[in-house]
Structures are given as structure tokens and as C-alpha cells.
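In the order they appear, the protein sequences are chains A and B. The first sequence stops at residue 527 when you use this note's numbering, and every number in between is there. The second sequence stops at residue 527 when you use this note's numbering, and every number in between is there.
Protein chains: 2
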Amino acid sequence: MIISEEAALVAWSGMAAPADEAAGGLVSSIGAGEALEWVRWGARSLPAAAASLHGRCTREVAEAAVLAHERWERRLAVADEPHWRRATAVGARVVTRGAPGWPSALGSLGASEPFALYVRGPADLDAAWSQGVAIVGARSSTAYGSHMAAELASGIAATGRAVLSGGAYGIDAAAHRSALAANGLTIAVMAGGVDRLYPAGNDALLRAAMDDGAVVSEVPPGFAPHRSRFLTRNRLIAATSATIVVEAALRSGALSTARHAAGLLRPIGAVPGPATSPSSAGCHALVRDGVAVLVTRVEDVLELIESATEWAERDVGEVEPLGECGGGRFALPSFDFPADRAVYDVTSSRAITVERVAERAGLAWIDATAAAGRLEMRGLIERSKGGWKRTP
Amino acid sequence: MIISEEAALVAWSGMAAPADEAAGGLVSSIGAGEALEWVRWGARSLPAAAASLHGRCTREVAEAAVLAHERWERRLAVADEPHWRRATAVGARVVTRGAPGWPSALGSLGASEPFALYVRGPADLDAAWSQGVAIVGARSSTAYGSHMAAELASGIAATGRAVLSGGAYGIDAAAHRSALAANGLTIAVMAGGVDRLYPAGNDALLRAAMDDGAVVSEVPPGFAPHRSRFLTRNRLIAATSATIVVEAALRSGALSTARHAAGLLRPIGAVPGPATSPSSAGCHALVRDGVAVLVTRVEDVLELIESATEWAERDVGEVEPLGECGGGRFALPSFDFPADRAVYDVTSSRAITVERVAERAGLAWIDATAAAGRLEMRGLIERSKGGWKRTP
């Protein structure tokens, strides 16, 4: 049975756990349709896989075929469920990866880019993600935190940018509500399906968000908001142009969103608060650790976004093929800064001095040094003998 | 009339305005006694000065002699006042520059190092300055700010370190008071003479500080706390091992202390507060601009001091002679980090690459880069052709 790529992506959205990088890598490499065929008919052993693949692929590809079969065969029933029909029933549209309207900013997620988004509301998701700002924070916010979330959200909404958040109580709700009050767009990214507006206490708020904005999820309708889905959901919020943490205790989920944003090299702002307030301790830690910039006014946030937009407007290097097979490819790390790719390209398992890196990459040493610092932060390269080498 | 260096330093302390770098440079170059003679008998013209100096000095020295005469001759009457006697009368001791007990940390001030300190109280000033922490902030502090100043001061006092501040209302008073309550040492640095405990409302607090700590000033008793003396006084507070700004509006005097500390490469901490509080706006600006580290607990402060102590324990390069004359010398910039001096020494008016800098200075390039960054911040060197050169 041959199905469209779009239908295959929808199947994968219900079959693989969100942010499953094995599934993501496989789909990126050989396409959603062929990947689905591997799950369906893939061999149970390496020789059988190699035979069924007619020797046209490498050992790695054969291994991926076996893994896919082992891992997802039992979930094929889930994949076959009529996600599309149920989405329509709850008034949601489905946007699949790469289709018109797909938020290109999600491409930064690499192998954990979602397969599809289920969307209730008319918002232009591509614009919302590329220009919007995430405002996140504790559910148990203080009056001060809610005030700051509202201040920043209304200022951001006034610039025509979307305010993204997770639809939860506390900071999230204050941000959504204030964006709406300013006649702005707001996007609530759900951990479960868009048929259940969670938490129930925010039902009216989330419905209001759908008028001009959207309620969005990467899992099909009917899926429950499990705990693990909250953590993986955070990466979608973090993929917007900047993330602002308003109030967060030291073990707050908002810090996971900030960590995701840091991994994506997105700018992060943190709102300070009284040193005596546990609700601000996470924000202070982000600033102290150099993860976030301290922001107190919407002007500070707009300054952060400007620097991000500047980079987004430059050419982003294409992902290079690594082991061709069936027209597909395995993914290399993605880079938001062109200099990062250039520096990564000239590093290897042998140490190389920064001067040499700069020369080979065609960069001023100051830019090469900055790029090396970012790559080191991502764990892609490490210091060695006064220079740099790729992390084994 | 030949007077002792000590007496001459005391004379200078009453004659030159605090932080007058011309006076400081002259005294550093040829000694306080000879500098005083120049003021007294120095010629009114360059040829006359050259003649009276018997041709043993350069043109620069002759120029300095003329300048000293022009500038301070009329103040000789002030210099001759019996500062010492008046100090004794108010129960103060006089510690002159370089004498036993002189705070060596003040040497970082270079040409603006004070000539003498007038001290009421038994504290070991050298230990207080080299290990103590300055806690400064707004006079019009909030209850939150006073609470934080007290928290940090009592934590610092508990480690046996002195708490330095300016004796003012608000944050200063909260810091002094809390250090005393913790049975710790506190040093109040006055803008005017130590005979007037200013402000009068803090009289009892400042008297309590004298029991084990000290009230200190660089101007002789009888001198009024003029506005300009507050600003120059701040540099003395900033010369301790670390400065913590607790609450400061955007145009607060506490920010001048922080700027002085930054110029001295001392670590600076700033306590965050609500983004809505104007009393915290100065602290937030310091953090945003990368001048201060965000601190919320005494542990954060101790971490800051540790890094400072580590450096202070290394050998600090001697100030090099520049144009010898009469056994004296003119001062070069002073360096708190040995690497800074090493890097400065190998730079010149011609650009040099960082690799070359590192090689010649005998440093790892990462240390050379860091040092170059600090020197750039101080305006001593600048970027040129992908490398560095001295600022003209």
C-alpha cells in the first residue's frame, strides 16, 4: 500500500513518542513513507534486512530498518488510527512537516522536529514561530510574576508578534490573557491533544486564544497530556525567536524550556525578582550561569529578538548528506550561526589551533573564537592542546 | 626646612584634593618631601625650574615642578596646618601611605592612592581592605533592600571579614549595623574629616563601629564632607576585595562605587529586586551590562571574594620606572592580574596578533585573550588588524 508523505507523517505523529530522535532521524533520512514501510515490512534480522533492501544500502541503513521494525511494529495500530478524521471532528487542521504554513523555525530541532501539528485557530504558525516570543514561568506565580508576564506580553503583542506559552495556570495564563487583552495573537502549545483544553480551568482562555491565534499540539486529538509530553512539548515553545522566563523556582518546568532554547542557541531572557522569593530563584540562576540575559522591560525583550532576527535572516547552511541511500540522508548537526558551521567543518578528531581554524574557515579570529565557544557549549567540539577538536 | 616623608604625606593629604592624580603622580615620582619642596620653592617658569634643578632632570620633570608651584603654592598654608595635632585631639591616629598598617589594597588606585588615612578605631586596615567586602547602596532604600544588606553583611561578618561602607543612611547603615550585630568588624569611610560623624543621625552607629572597627577618612579632621569628596571617597571603598551593590536607582552614588571597582578589576556583585522597583534598576543595569554578577546569598558573595583572593595572593608586578629623576619615578598603569601586565608589556603602538602576544608573554592563548579583554575594557589597548595595539 502506497500512502502520501503527508499521510505518513500524520501516522508517525501518532506512533513515535514526541522528540524520539531515532524516528525523527529515520524519517529525515528516507522519508516518512518509506520509513513507515520499514516498520511494516522490515526484517527481523540484519541479513534479512540487507536482502530485502537489495543490497542498495549501507549496513547502517539495514540496522535502522531492523530497529524501526522492532521498535514501532506494535504501534502500527496506533498509526492507522484516523487522526485526521478525529482532528476534523474537533475543528482542528493538520499541518505536516514541510507543508505550506509549517513553522520553519521548528527545523532547528533537527531530529526532534515534530512530524505534524494539530491546530485549532487561524494563526499563521510560520510567522508566529519565527517572530513570536515565548513567555513561560511557574504555575504557582506570585502577583508580581503575573504582573510582569502581563506587562511583557502586552508590549510584545503591541508589536504584532505572537506570544507563545504552554496554556498552564500562573505565568502562562497571565501571558496569554494579556496578549489577548492587547488585541494580539497568542499561541498555546498543548502537551496533549487539542481536543482537551488543559487545564480545564483555562478552558475559556484557551478558546479565546483560538479566535485569532491558535491552540497547537504535536500529538493527535485523543492523546492525554502525560508528564513526559509536557517536557517534550517545551522544546516546541523554545523554538520561537526568544524565550522569556518570568518566574521559576529552582526546579521549575520553565527551566526545561530555557534549557531547550539554549540548546537551540535562541536568546533567553529572565526577569529578576526579590532575592528572597523562591519563585525568582530559577530566573536568578539562569542569569548567574550566563544562560539568560536579565530583562526588566519590553524594550529589553525587543532588543533580544532583534539580535535573533538578524541571525535568522542570514543564510543557514544546508544539512549535508552523510551516507546516501534511497535519495535520503542522515542529518548532521544544524547551525543557526553560519560561522558555527564553518568552524565545525574545519575541525576533526585532531586538535587544530584557533588561528588555523580562523584561516581555514575564512573568519576573523574573534568570530572563530566565538563560534568555537558556542560549539563547545553544545558539546560538539572541545579544547585540546591549546586548540580545538571534535568531541569523540 | 627638611621634614620627614611621613609629615610631608600628611601635608599633602590636606593640600591636594582627594584623587588629584597630578599630585599623586608627583609624590609617587619624587617622594612627598621633595614634591613639597617643589611647591614651596619651585620656579615660576620652565627655564628657572631647569636651572634650579641643576640640569639633572628631564623637561617633563621641570614641567611638573612648575605645575606643582602654580597649583598648590596658595594652599601651602593649609598644608602647614597641624593636621596631626587635630587628629590626636579627636582621638584619631594617622596612617601614612606605605607606613606599617597601610592598606596595601589601596595601591591599586595608582596615582589616586591617598597620602594618608585618619582613623578612629582599632581595626587592622590592611586586613580589612584586603579581605573585606564593600556593601553599598541607596540612601533611600526599601525594607527589602535593608533586609538584603543586613543578610549579606551578617554573613560576611561571620567569616571574620570586615564590612566596608560609607556610613550613610539606608543600605550603608543596614550593612554597618548588621555587621556589628553579628559581632563583626565594620569600617565606615567618611567623605569629610573623622571629627564629624556624618550624617548626624548615624552618630551612635558610627561610634559603635569604632569599638572594634574604624571610621576612616583621607582628609584631615576639620574638612567638610563636600559633594566632590563623596565621589572621590567611593574609590577607597571600591578598593576592597569585592563590592556588592544592594539597591541603587539608575543615578545612584553606589553606581559610582561600582564603576570604581570595575576600573580596579575588583569583582562586583549586584542584588536583584523586582523589575518594578526603581531602587533596583541600577543593580539590574549593572548585571545587564556585564559589570556585576548577580548575587542573592552570602555564598554567592564568598564565591566572588574567593576568585579575588586567589588573584591577590599571586605576585603583583612592580610598577616600572618611566623617566628616572631624583631617585623617583613616574607611574605606569597598575595591574591586579599578572597576565594583564605581561600582555600590556608585549603590546606597542604596532598591532600584534593574539598568538604572538601569548607566545611573547608566555601565556596560554586563552589567558592572553582574557587579559587583552580586560586591558581593552580599561582603554589601555585596542583591536587593530585582527590583533591588538596600545591605545594612542
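Note that beta-carbon positions come from the ideal geometry of N, C-alpha and C, so glycine has one too. Here the structure is a predicted model, which means the values were calculated and not measured.
Ordered list of beta strand (DSSP E) runs contained in the stretch 299-364 of chain A, each at least 3 residues: 321-324, 349-352
Cutoff 7 Å: Gly-408/A Cβ touching any chain B Cβ: With 7 Å as the cut-off, Gly-408/A counts as an interface residue toward chain B.
Whole-angstrom distance between Lys-524/A and Ala-393/A, CA atom to CA atom: 28 Å
contact_flag[the stretch 310-322 of chain B, the stretch 393-412 of chain B] where n(CB pairs < 8 Å) is 3 or more: no
For Val-430/B, the three-state DSSP class (helix, strand or coil): coil
C-alpha gap between His-419/B and Val-229/B, whole angstroms: 39 Å
Contact set for Trp-219/A: own chain, Cβ-Cβ below 7 Å, skip 5 residues either direction: For Trp-219/A, where only same-chain residues beyond five positions count, the Cβ hits under 7 Å are Val-145, Val-229.
DSSP-derived helix/strand/coil call for Glu-248/A: coil
Candidates Glu-156/B, Ser-243/B, Val-225/B: closest to Gly-206/B by CA position: It is Arg, not Gly, that sits at residue 206/B in the sequence shown. Nearest C-alpha to Arg-206/B: Glu-156/B.
Beta-carbon proximity check, Ser-275/B vs Ala-309/B, cutoff 7 Å: no
Inter-residue Cα distance where the pair is Thr-482/A and Gly-425/A: 26 Å
Inter-stretch contact at 8 Å, needing at least 3 Cβ pairs: the stretch 361-372 of chain A / the stretch 333-345 of chain A: Contact between the stretch 361-372 of chain A and the stretch 333-345 of chain A is absent: fewer than 3 CB-CB pairs across the two stretches fall below 8 Å.
Start-to-end residues for the alpha helix (DSSP H) that takes in Ala-158/A: 156-165
Residue-level contact to chain A via CB, Thr-378/B, 7 Å cutoff: Not one chain A Cβ lies under 7 Å of Thr-378/B.
Within-7 Å CB hit, Met-283/B to chain A: yes
The stretch 290-302 of chain B in contact with the stretch 194-201 of chain B per 3-pair CB rule at 8 Å: Fewer than three beta-carbon pairs drawn from the stretch 290-302 of chain B and the stretch 194-201 of chain B are found closer than 8 Å, and the two stretches are therefore not classed as touching.
Per DSSP, cross-strand counterpart(s) of Val-229/A: Tyr-253/A
Rounded separation between His-311/A and Val-433/B - CA only: 37 Å
Check whether Ala-384/B and Gly-417/B have beta carbons under 7 Å apart: Ala-384/B places its beta carbon less than 7 Å from that of Gly-417/B.
Integer Cβ distance of Ala-477/B from Gly-508/B, believed to fall under 8 Å: Incorrect: roughly 14 Å between the Cβ atoms, too far for contact.
Under the three-state DSSP convention, the category Arg-518/B falls into: strand
The stretch 372-379 of chain B in contact with the stretch 266-273 of chain B per 3-pair CB rule at 8 Å: yes
Contact list for Tyr-279/B against chain A, beta-carbon separation under 8 Å: Pro-409, Thr-411
Enclosing beta strand (DSSP E) for Ile-104/B [first to last residue]: Because chain B in this structure spans residues 136 to 527, residue 104/B falls outside the shown range and cannot be described.
Where Arg-232/A falls, given that 16 or more other Cβ within 10 Å makes a residue buried: With 16 or more other Cβ atoms inside 10 Å of its own Cβ, Arg-232/A counts as buried.
Where Val-381/A sits in the DSSP three-state scheme: coil
Rounded straight-line distance, which links the Cα of Leu-211/B to that of Pro-182/B: 23 Å
Reduced DSSP category for Trp-237/B - H, G, I as helix; E, B as strand; rest coil: coil
Within-7 Å CB hit, Thr-375/B to chain A: no
Neighbour list for Glu-131/A in chain B, Cβ cutoff strictly below 9 Å: Because chain A spans 136 through 527 in this model, residue 131/A falls outside it and cannot be assessed.
One or two residues paired with Trp-523/A in a DSSP bridge: Ile-487/A, Arg-518/A
Chain A contact residues for Ile-495/B, given Cβ-Cβ distances below 7 Å: Note on residue identity: the sequence assigns Arg, not Ile, to residue 495/B. Proximity of chain A to Arg-495/B at the Cβ level (cut-off 7 Å) is not reached, the minimal Cβ distance being about 15 Å.
Integer-rounded CB distance, given that Ala-246/B should sit under 8 Å from Ser-163/B: Yes, they are in contact, since the Cβ atoms of Ser-163/B and Ala-246/B sit about 6 Å apart, within 8 Å.
Proximal chain D residues relative to Thr-431/A, where beta-carbon distance stays under 7 Å: You won't find chain D in this structure, because its protein chains are A and B.
For Val-354/A and Val-422/B, believed in contact at Cβ under 8 Å, the rounded distance: No, Val-422/B and Val-354/A are not in contact; Cβ-Cβ is about 39 Å, not under 8 Å.
Per DSSP, cross-strand counterpart(s) of Ala-269/B: Leu-299/B, Thr-378/B
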